Amino acid sequence: MTDKIPVTVLTGYLGAGKTTLLNRILTEDHGKRYAVIVNEFGEIGIDNDLVVGADEDVFEMNNGCVCCTVRGDLIRVVAGLMKRQRPGKPAFDAIIVETTGLADPGPVAQTFFVDEDVKAKTQLDSVTALVDAKHVMARLDDSKEAREQVAFADRIILNKTDLVTEAGLVEVERRLRKLNPLAPITRAERANVPLDQVLGLGGFDLGRILDINPEFANPAHGEAGHVHDEHCGHDHHEHDHGHDHAHDHDHAHGARGHAHEDDIKGISLSLDRPMDGTKFTAWLDRLLGEQGQNILRAKGIIDVAGEDRRLVFQAVHMILEGDLQREWGVKERRWSRAVFIGRELDEAALKAGFEACAA
Amino acid sequence: MRAEYDAQVTAIVFDAEGAIFALGDGSVRFEDGAFSAAHDGAILCAVTHPSGEGVVTGGDDGRLIWHRRDAAGVLATSARGQWIDAVDASAESGLIAFSAGKTLTVLDAKDAGFRRDFQHERTVSGVAFEPKGRRIAASTYGGAALWFARIAEQKPTVLKWAGSHTAVTFSPDGAFVVTAMQDAQLHGWRLKDQKNMRMGGYPSKVRAFSFLSNGQLLATSGAQGAVLWPFVGANGPMGREATEIGFDEGSLVALVASQPKHGLLAAGLSDGRVWLADPAGQGLNFLKADKGSPITALAMSADARRVAWADEDGNAGVATL
Numbered sequence: 144m145t146d147k148i149p150v151t152v153l154t155g156y157l158g159a160g161k162t163t164l165l166n167r168i169l170t171e172d173h174g175k176r177y178a179v180i181v182n183e184f185g186e187i188g189i190d191n192d193l194v195v196g197a198d199e200d201v202f203e204m205n206n207g208c209v210c211c212t213v214r215g216d217l218i219r220v221v222a223g224l225m226k227r228q229r230p231g232k233p234a235f236d237a238i239i240v241e242t243t244g245l246a247d248p249g250p251v252a253q254t255f256f257v258d259e260d261v262k263a264k265t266q267l268d269s270v271t272a273l274v275d276a277k278h279v280m281a282r283l284d285d286s287k288e289a290r291e292q293v294a295f296a297d298r299i300i301l302n303k304t305d306l307v308t309e310a311g312l313v314e315v316e317r318r319l320r321k322l323n324p325l326a327p328i329t330r331a332e333r334a335n336v337p338l339d340q341v342l343g344l345g346g347f348d349l350g351r352i353l354d355i356n357p358e359f360a361n362p363a364h365g366e367a368g369h370v371h372d373e374h375c376g377h378d379h380h381e382h383d384h385g386h387d388h389a390h391d392h393d394h395a396h397g398a399r400g401h402a403h404e405d406d407i408k409g410i411s412l413s414l415d416r417p418m419d420g421t422k423f424t425a426w427l428d429r430l431l432g433e434q435g436q437n438i439l440r441a442k443g444i445i446d447v448a449g450e451d452r453r454l455v456f457q458a459v460h461m462i463l464e465g466d467l468q469r470e471w472g473v474k475e476r477r478w479s480r481a482v483f484i485g486r487e488l489d490e491a492a493l494k495a496g497f498e499a500c501a502a
Numbered sequence: 023m024r025a026e027y028d029a030q031v032t033a034i035v036f037d038a039e040g041a042i043f044a045l046g047d048g049s050v051r052f053e054d055g056a057f058s059a060a061h062d063g064a065i066l067c068a069v070t071h072p073s074g075e076g077v078v079t080g081g082d083d084g085r086l087i088w089h090r091r092d093a094a095g096v097l098a099t100s101a102r103g104q105w106i107d108a109v110d111a112s113a114e115s116g117l118i119a120f121s122a123g124k125t126l127t128v129l130d131a132k133d134a135g136f137r138r139d140f141q142h143e144r145t146v147s148g149v150a151f152e153p154k155g156r157r158i159a160a161s162t163y164g165g166a167a168l169w170f171a172r173i174a175e176q177k178p179t180v181l182k183w184a185g186s187h188t189a190v191t192f193s194p195d196g197a198f199v200v201t202a203m204q205d206a207q208l209h210g211w212r213l214k215d216q217k218n219m220r221m222g223g224y225p226s227k228v229r230a231f232s233f234l235s236n237g238q239l240l241a242t243s244g245a246q247g248a249v250l251w252p253f254v255g256a257n258g259p260m261g262r263e264a265t266e267i268g269f270d271e272g273s274l275v276a277l278v279a280s281q282p283k284h285g286l287l288a289a290g291l292s293d294g295r296v297w298l299a300d301p302a303g304q305g306l307n308f309l310k311a312d313k314g315s316p317i318t319a320l321a322m323s324a325d326a327r328r329v330a331w332a333d334e335d336g337n338a339g340v341a342t343l
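Those sequence lines, one after another, are chains A and B. Quick note on my numbering: the first sequence kicks off at 144 and runs consecutively. Quick note on my numbering: the second sequence kicks off at 23 and runs consecutively.
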């Protein structure tokens with residue numbers, strides 16, 4: 144058996160810099176073989192020997208679950224690409240799927256969990272959203288798709304930062320963080336992002352949900368609980384990294400800050416007491432069953448009473464994956480954290496439900 | 023015959039002289055060692071040429087190529103180089119049909135100037151001629167479209183059923199059309215009244231189906247054994263139960279192959295084994311008993327005397343029965 148081929152999905156509207164980023168990935172001297180799946184009517188000028196057009200053929204699986212919408216074109220194209228597989232070797236080192244600005248990332252991601260053939264050969268690595276610093280605010284105002292792409296992402300690349308002032312960037316980042324507290328934001332000019340911030344992120348890999356811990360639910364600059372990391376371009380201060388974020392926001396960023404209450408937001412939950420594993424699993428199942436349509440992404444690390452290992456989960460709409468991962472360290476702070484990103488989520492109800500799972 | 027190829031075999035056909043292997047590196051290997059490398063990319067589908075000589079292959083380079091042991095030539099190309107996903111041919115009518123994207127194209131093997139292009143609303147996943155080769159079924163999302171092969175301007179007969187249909191076939195008497203579906207089931211229509219037949223209960227997607235025993239049985243993959251649906255009388259499988267042969271809990275039947283006029287069934291398994299059985303008799307005859315990577319291609323010759331297979335790692339074989 145050969146390893147599964149990692150798949151990276153690039154989202155972003157026209158002009159955000161996807162083609163530039165793709166060409167950077169493809170032309171960097173890495174000796175890797177990539178297949179690129181693009182929208183058949185999308186931008187041209189991609190420098191790779193295998194570029195395949197896909198036609199955004201979204202459909203619901205017949206079992207009637209609305210959340211099990213998949214992309215039929217991806218099933219077909221991935222199956223075709225696998226025919227290039229050679230004995231003992233994967234067909235490609237990676238597959239990159241470029242979507243249009245109007246694409247819903249949900250069905251793209253779900254295809255990699257739902258279709259048995261696709262699942263057998265490939266593994267969704269991450270969804271990266273590219274946004275244009277200059278135009279993203281207007282796009283987020285007028286486009287549901289733009290908000291969903293940001294909310295869905297494992298990483299956000301804030302491109303064309305040279306065209307916007309520092310204050311403007313802070314403002315943009317604050318809004319992006321509210322939409323998606325899970326995804327680290329990488330600033331870039333002309334899509335100059337190190338490849339390791341786009342490929343091999345393991346965004347859906349339960350075993351690596353620990354790795355993103357420092358970024359986890361990191362509020363934007365100027366907000367309570369913000370952790371100054373290498374991405375924010377500030378001196379490192381000693382902060383009290385309390386997890387009581389999302390309350391006492393600093394609203395001194397001008398009128399826009401108040402005006403933008405997006406329909407999608409990320410809700411961070413935490414609990415310092417151990418949880419009842421059975422209660423928590425039942426609560427999560429019910430939550431995804433009832434509100435999975437509105438929940439774009441969820442991730443969490445749970446401290447289960449009587450269990451030495453961390454319970455780690457991630458979800459895309461109703462598709463849930465959870466497992467017991469490594470043991471808690473001796474000196475490690477044992478606490479439960481979860482983030483739900485979605486539409487019309489009732490923060491108070493989620494918090495109450497989460498905390499009611501305490502052992 | 024046993025061979026090891028350095029690429030995946032994506033399809034096998036038999037012509038009058040022997041087995042022909044179509045590979046993921048775009049090459050075609052004849053059983054006698056002849057070689058044709060005409061595609062720039064992977065071969066996605068293949069069928070025996072209507073003349074009975076050589077193979078017609080469709081590739082991800084958008085070309086449809088006829089390979090013979092001493093020659094190869096391009097029969098057609100798709101618009102904008104779109105992948106050619108499915109192909110079928112009819113020895114009866116001498117026609118070849120292939121799909122690329124939403125277009126179904128019909129060619130005449132004896133008339134290079136003949137070409138018909140039929141458009142669909144969704145991508146075509148499979149094509150199949152009816153036994154006389156005058157009509158074609160194309161499977162798509164939402165059902166299947168039936169076209170008269172030679173008529174330029176026409177509206178197809180649309181067989182509707184919600185869901186994504188991934189392959190299509192006609193029963194040998196031309197009375198039924200059967201599709202495989204994305205969600206692990208078959209769907210069928212009786213053409214005279216478009217009555218629907220649901221054929222479900224599979225643990226896995228059905229990748230292959232094939233009629234045998236004078237069309238009285240439809241064999242399919244997608245379960246731990248080969249599934250057999252009875253097609254006897256005017257009602258076909260309606261109201262009847264399927265049977266399963268060669269059940270093995272530890273593997274799945276990945277592919278099946280048979281010939282409509284003969285009673286033998288070949289099955290290729292997910293664990294690399296290949297067996298032959300007579301559904302009317304008892305037991306399995308293992309043509310390849312050693313386990314390996316999954317079987318990715320399987321074919322039976324028209325006289326049902328030979329079976330060819332290949333696995334994901336390029337190991338291929340032909341057995342004479």
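Beta carbons are placed, not taken as given, at the ideal position from N, Cα and C, and that holds for glycine. Keep in mind it's a predicted model, so treat the numbers as computed, not measured.
Beta bridge counterpart(s) of residue 126 of chain B as assigned by DSSP | BP columns for residue 126 of chain B point to B:121 and B:140.
Assigned exposure category for residue 61 of chain B - 16 Cβ within 10 Å defines buried:
buried
- Message: Since residue 122 of chain B and residue 84 of chain B should fall inside the 8 Å C-beta cutoff, what is the C-beta to C-beta distance between them, to a whole number of angstroms?
- Response: About 7 Å; that satisfies the 8 Å criterion.
Step through the CB atoms of chain B and report whether any lies within less than 8 Å of the CB of residue 226 of chain A. yes
Specify the secondary structure class of residue 242 of chain A as computed by DSSP and reduced to three states.
-> coil
Members of the stretch 422-433 of chain A that neighbour chain B once the beta carbon cut-off is set at 9 Å: none
### Message
Residues of chain B with CB closer than 9 Å to the CB of residue 259 of chain A, please, in chain order.
### Response
206, 226 and 227
Item checked: Nonlocal neighbours in the same chain, by C-beta distance under 6 Å from residue 154 of chain A, ignoring five residues either side -> 242, 248, 272 and 292
Discussion item. Quick check: the Cα distance between residue 368 of chain B and residue 27 of chain B, rounded to an integer number of angstroms?
Written reply: Nothing about residue 368 of chain B can be reported from this structure: the residues present for chain B run from 23 to 343 only.
- Message: Cutting at 6 Å between CB atoms, please list the residues of its own chain near residue 497 of chain A, excluding the five before and the five after it.
- Response: Cβ contact annotation for residue 497 of chain A (same chain, cutoff 6 Å, sequence separation greater than five): 412, in chain order.
- prompt: What residues in the stretch 61-72 of chain B have a beta carbon less than 7 Å from any beta carbon of chain A?
  reply: Those would be 64 and 66, in chain order.
Item to complete: Determine which residues of the stretch 30-47 of chain B have a Cβ less than 7 Å from any Cβ of chain A, and write them out in chain order.
Response: So the list reads 30, 32 and 46, given in the order they occur along the chain.
| message | I'd like to know whether the C-beta atoms of residue 294 of chain B and residue 277 of chain B end up nearer to each other than 8 Å. | response | Not a contact, by the Cβ cut-off of 8 Å.
In the DSSP assignment, find the unbroken beta strand (DSSP E) run with residue 239 of chain B in it and report its ends. 239-242
Measuring CB to CB, does residue 264 of chain A end up less than 8 Å from residue 204 of chain A? Residue 264 of chain A is not a Cβ neighbour of residue 204 of chain A, given a cutoff of 8 Å.
At a CB distance below 8 Å, what residues from the stretch 107-121 of chain B approach chain E? Give them in sequence order. Checking the listed chains, one finds no chain E in this structure; the protein chains it contains are A and B.
Can you grab the Cα-Cα spacing for the pair residue 286 of chain B / residue 237 of chain B, in whole Å? Cα to Cα, residue 286 of chain B sits roughly 12 Å from residue 237 of chain B.
| query | What does DSSP give as the partner residues of residue 194 of chain A in its beta bridges? | reply | A:179
- Would you mind giving the Cβ-Cβ distance between residue 322 of chain A and residue 276 of chain A, rounded to the nearest angstrom? I have them listed as a contact below 8 Å. That belief does not hold up - the Cβ atoms of residue 322 of chain A and residue 276 of chain A are roughly 15 Å apart, past 8 Å.
Mind checking if residue 230 of chain A is an interface residue toward chain B, Cβ cutoff 8 Å exclusive?
True, the Cβ-Cβ gap to chain B drops below 8 Å.
Boundaries (first-last residue) of the beta strand (DSSP E) holding residue 444 of chain A: 438-445
ask   = Can you tell me whether DSSP reads residue 511 of chain A as helix, strand or coil?
value = Within the shown structure, residues of chain A are numbered from 144 to 502, placing residue 511 of chain A beyond reach of any answer.
> If residue 409 of chain A and residue 482 of chain A are in contact, beta carbons under 8 Å, what's the gap, nearest whole angstrom?
Replying inline: 6 Å
First and last residue of the uninterrupted alpha helix (DSSP H) at residue 494 of chain A: 490-498
Does the Cβ of residue 342 of chain B have 16 or more other Cβ atoms within 10 Å, making it buried, or fewer, making it exposed? Exposed: under 16 other Cβ atoms inside 10 Å.
Are any of the Cβ atoms in chain A nearer than 8 Å to that of residue 138 of chain B?
Interface flag for residue 138 of chain B against chain A is unset, since no Cβ pair is found closer than 8 Å.
For residue 111 of chain B and residue 103 of chain B, the rounded distance between their alpha carbons
21 Å
State the Cα-Cα distance for the pair residue 259 of chain B and residue 52 of chain B, rounded to the nearest angstrom. 38 Å
Query raised in the report: Considering only residues of the same chain and omitting the five flanking positions on each side of residue 32 of chain B, which have a CB-CB separation below 6 Å?
Result: 44, 46 and 65
Report task. Use the C-beta contact count for residue 346 of chain A: other C-beta atoms within 10 angstroms, 16 or more gives buried, fewer gives exposed. Result -> buried
8 Å contact criterion, which residue 86 of chain B and residue 98 of chain B should meet: CB distance rounded: 5 Å
- prompt: Is any beta-carbon of chain B found at less than 8 Å from that of residue 215 of chain A?
  reply: yes
Strictly below 8 Å CB to CB, what residues from chain A border residue 145 of chain B? Against chain A, a Cβ distance below 8 Å from residue 145 of chain B picks out 198, 200, 215, 216 and 219.
Can you tell me whether DSSP reads residue 203 of chain B as helix, strand or coil?
The answer is strand: DSSP assigns residue 203 of chain B an E or B state.
task: Work out the CA separation of residue 124 of chain B and residue 175 of chain A for me, nearest whole Å.
output: 32 Å
Best match in B:106, B:170, B:116 and B:143 for proximity to residue 134 of chain B [C-alpha to C-alpha]:
B:116
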